[in-house]
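Chemist: First, the structure itself, so that you have it in front of you.
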Amino acid sequence: MRRFKIDGVKNGEAFLRGQEARHALKVLRLKKGDEIIVFDGEGKEYLAVIDAASPTSVRVKIVEETNVNRDSHLRSTLFMGMTNKLQKFELALQKATELGVTEVVPVVCNRSSNAQLIKNWEGKLRRWREIAVNAAKQCGRNILPEIREPVRLPEIETDADLSFVLWEKGGKSLKDYQSYSANSVSFLVGPEGGLEREEIELLKEKGFKAIYLGKRILRAETAAIAGMALIQFIWGDLG
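Mapping of the sequence shown onto my numbering: position 1 corresponds to residue 17, and the numbering continues sequentially without gaps.
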């Protein structure tokens with residue numbers, strides 16, 4: 017059944033607006049009387065039926081609250097180095113959302129040359145949050161990940177039980193930490209070309225442990241997806 021994001025429920029009603037309304041009406045050709053699933057992004061999910069529609073909004077009547085919990089118990093943060101082709105960052109964001117990430121923090125690194133030129137992130141943040149919504153709709157999540165404003169690498173802070181930074185030139189295997197107990201994990205992946213040594217040293221001072229994922233050099237977006245999958249497998253709910 018089709019899923020849609022709503023802002024909340026009031027008096028047994030909710031509304032699809034903007035992109036959600038357009039998708040329901042223009043793309044899926046839904047009409048009055050059709051049943052859909054709606055979720056508020058904060059944990060609540062409902063069975064609903066379309067009650068009325070206009071060109072910009074769809075009103076639905078709530079039939080029942082379902083609240084199926086498909087979110088991981090692990091609090092996970094992906095610190096993603098800003099790639100010079102933003103489509104790569106967006107792919108990592110989409111797949112990390114499907115894998116259950118709690119929050120994504122874009123990081124401007126020394127080799128994030130294009131990102132260093134951006135002054136206003138508002139439009140990009142809006143797009144990234146829409147990507148997260150669409151990924152959550154697809155995979156059945158009811159809680160949306162937080163998409164933070166970009167930070168420069170020296171500004172990074174984390175209070176996670178375990179924090180890892182991917183570095184192809186050293187460190188341990190992630191397997192070496194699988195006996196550690198953790199309720200929260202942070203994972204940092206650099207941009208194309210990886211992180212510079214001084215960046216790695218700075219992150220170590222902040223408590224990050226350098227790890228590698230194998231013998232092959234992975235693209236930034238591949239490394240982010242593979243790393244998050246392994247972290248969810250070891251400490252989360254994957255598998």
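C-beta atoms are modelled at their ideal positions from N, C-alpha and C, and glycine is treated no differently.
Between the alpha carbons of Lys21 and Gly209, how many angstroms are there, rounded?
Modeler: 37 Å
Chemist: Count the CB pairs spanning the stretch 183-198 and the stretch 223-240 that are closer than 8 Å, and state whether there are at least three.
Modeler: yes
Chemist: If you follow the alpha helix (DSSP H) that Met244 is part of, which residue opens it and which one closes it?
Modeler: Ala236 to Trp251
Chemist: Give me the Cα-Cα distance between Arg75 and Arg18, rounded to the nearest whole angstrom.
Modeler: 15 Å
Chemist: If you reduce the DSSP assignment to three classes, tell me which class Lys153 lands in.
Modeler: helix
Chemist: By Cβ distance below 8 Å, which residues in the same chain neighbour Lys222 in space, the five residues on each side in sequence not counted?
Modeler: Ile172, Glu173, Thr174 and Ser179
Chemist: DSSP three-state call for Phe224: helix, strand or coil?
Modeler: Phe224 falls in the coil class under three-state DSSP.
Chemist: Quick one: Cα of Glu162 to Cα of Trp137, how far?
Modeler: 15 Å
Chemist: Check for me: the beta strand (DSSP E) holding Arg19 runs from which residue to which?
Modeler: Counting along the chain, Arg19 sits inside the beta strand (DSSP E) bounded by residues Arg19 to Lys21.
Chemist: Is it true that the CB of Leu115 sits closer than 7 Å to the CB of Ala245?
Modeler: Their beta carbons are under 7 Å apart, which means Ala245 touches Leu115 by this criterion.
Chemist: For the stretch 175-232, which segments carrying the alpha helix (DSSP H) assignment without a break, of at least 4 residues, lie completely within its bounds, in sequence order?
Modeler: Given a length threshold of 4 residues, each whole run of the alpha helix (DSSP H) inside the stretch 175-232 is given here in chain order: 213-221.
Chemist: With DSSP collapsed to three states, give me the class of Val1.
Modeler: No statement about residue 1 is possible, as the shown extent of the chain runs from 17 to 255 and does not include it.
Chemist: My output table needs one value for Ile134: the three-state DSSP class, helix, strand or coil.
Modeler: coil
Chemist: Where does Gly28 fall in DSSP's three states?
Modeler: Reduced to three states, the DSSP call for Gly28 is coil.
Chemist: State the DSSP-derived secondary structure class of Gly34, mapped to helix, strand or coil.
Modeler: helix
Chemist: Tell me the rounded alpha-carbon separation between Glu29 and Ser128.
Modeler: As the crow flies, the alpha-carbon of Glu29 is around 45 Å from that of Ser128.
Chemist: Which parts of the stretch 53-141 are runs of the alpha helix (DSSP H), unbroken and 4 residues or longer, counting only runs that do not cross its ends?
Modeler: Along the length of the stretch 53-141, whole alpha helix (DSSP H) runs at least 4 residues long occupy 102-115, reported in chain order.
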